[in-house]
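Single-structure report; data block below.
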Amino acid sequence: MNTLAVCVYHLQRFFEILDAGGLVLADCEAQEAAQCLQVHLKTYGVLSDHFFKRRIMMFKIRCKSHYLWHVAFEVEVLKINPNLFHTFQEESFLGKIKQIGVKCHGRSCCHRLLQRYFLCLALFLEECRKAETE
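Take the sequence shown: its position 79, counting from 1, is numbered 79 in the numbering used here, and each next residue is one higher.
The structure is reproduced here in structure tokens:
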């Protein structure tokens with residue numbers, strides 16, 4: 001539990017620093033942010049190893065772990081706030097597309113995926129319209 005607490009705290013502290021910082025981080029902010037992200041990745045690796053040895057796939061090492069290691073390095077060296085380049089909305093969109101696509105047949109996936117996405121978008125817009133009129 002302590003390792004998990006350290007892992008989560010350092011990731012949360014990393015984002016706190018970025019949210020409070022400007023476009024260019026101060027030397028102390030950049031160094032602390034980089035160290036926090038590195039500690040997060042190391043403790044995540046420890047958790048991954050611990051659970052992998054027990055054949056419990058809870059903390060999987062993904063390509064994002066490697067990417068985050070580069071982010072930590074670049075924050076420390078360049079001192080540029082990565083919030084400027086984040087892709088959270090794009091990742092959220094891809095997650096929604098994946099949820100729709102998994103339910104489609106392989107042969108008609110592209111066509112059905114777009115149909116279902118437009119249907120979901122139309123329902124969302126209809127709900128927004130109703131909320132505005134009330």
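From the three backbone atoms N, C-alpha and C, an ideal C-beta is built for every residue, glycine too.
Could you check how far apart the C-beta atoms of Leu41 and Leu4 are, in whole angstroms? I think they sit under 8 angstroms. If you number the sequence shown from 1, residue 41 lands on position 41. If you number the sequence shown from 1, residue 4 lands on position 4. About 14 angstroms separates the two Cβ atoms, so there is no contact after all.
Taking the alpha helix (DSSP H) that Lys53 belongs to, which residues open and close that run? One-based indexing of the sequence shown puts residue 53 at position 53. Here the alpha helix (DSSP H) through Lys53 covers Asp27 to Lys53.
How about Leu25 and Lys79: are their beta carbons less than 8 angstroms apart? Here residue 25 corresponds to residue number 25 of the sequence shown, with the count starting at 1. Here residue 79 corresponds to residue number 79 of the sequence shown, with the count starting at 1. Contact flag set, yes.
With respect to the alpha helix (DSSP H) encompassing Glu126, which residues constitute its N-terminal and C-terminal limits? In the sequence shown, residue 126 corresponds to position 126, counting from 1. Looking at the DSSP string, the run of the alpha helix (DSSP H) that includes Glu126 is Cys109 to Thr133.
Within 8 angstroms, strictly: CB atoms of Ser48 and Lys64: By 1-based counting over the sequence shown, the position of residue 48 is 48. By 1-based counting over the sequence shown, the position of residue 64 is 64. No, these two residues do not count as a Cβ contact at 8 angstroms.
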